[in-house]
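Quick note: the sequence shown, position 39, residue 48 per our numbering, numbers continuous.
Below is one structure, written out as C-alpha cells, with a few remarks after it.
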Amino acid sequence: MIESSKNVSKGFTKAFWVSNTVELFERMAYYAVVIVLTIYLSSILGFNDLEASMISGLCSGGLYLLPIFTGAYADKIGFRKSMIVAFSLLSVGYLGLGILP
Numbered sequence: 010m011i012e013s014s015k016n017v018s019k020g021f022t023k024a025f026w027v028s029n030t031v032e033l034f035e036r037m038a039y040y041a042v043v044i045v046l047t048i049y050l051s052s053i054l055g056f057n058d059l060e061a062s063m064i065s066g067l068c069s070g071g072l073y074l075l076p077i078f079t080g081a082y083a084d085k086i087g088f089r090k091s092m093i094v095a096f097s098l099l100s101v102g103y104l105g106l107g108i109l110p
C-alpha cells in the first residue's frame, strides 16, 4: 500500500501539488464564508432575510461564472502568473472579509 502511494505521488509535478493545496485551502475558506455570510448580512449589517440571501446568491453565482470569462486571460498570461494573481486577489478578499465590519 505504501509503495503504491509513493508511485502515485511521484507521477505529479510540483505545480500540481501547489495548485491543489491552494485550491484545498481556498475551498475551505470559501465554504467557511458562505456558511456565515447570510447570517452576517442579516444580523450584523441589518439586511432583511430576502436581501441577505439575494446578495449571498449573487456572490456565489458570480464566483462560479467568473472562470468562464477569466479562463482565456489565465491561459494567455501563463500558469505561474495566473496563480499569483488569483491567490493575491483571494487573499485580499478574504482578509477584507475578516477585517472590515
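Glycine included, every Cβ here is placed at the ideal spot set by N, Cα and C.
The structure displayed is predicted, hence computed values, not measured ones.
Cβ neighbours of residue i in the same chain (closer than 8 Å, five flanking residues each side left out)
| i | result |
| --- | --- |
| Asn6 | In the structure as shown, the chain starts at 10 and stops at 110, and residue 6 therefore has no counterpart that could be examined. |
| Ala38 | Leu99, Tyr103 |
Same chain only: Cβ atoms within 7 Å of residue i, ignoring 5 sequence neighbours per side
| i | result |
| --- | --- |
| Ala24 | Phe88 |
Residue interval of the alpha helix (DSSP H) (run including residue i)
| i | result |
| --- | --- |
| Ile86 | 58–86 |
| Phe34 | 23–52 |
Cβ-based burial, residue i [other Cβ within 10 Å; buried from 16]
| i | result |
| --- | --- |
| Ala61 | buried |
| Ser100 | exposed |
| Ser65 | buried |
Sequence-distant residues of its chain with Cβ nearer than 6 Å to residue i (five each side left out)
| i | result |
| --- | --- |
| Thr47 | Ala61, Ser62, Ser65 |
| Ala83 | Ser91 |
Whole-Å CB distance - residue i paired with residue j, under 8 Å assumed
| i | j | result |
| --- | --- | --- |
| Leu106 | Val27 | Their Cβ separation, rounded to whole angstroms, is 24 Å, which puts Leu106 and Val27 out of contact at 8 Å. |
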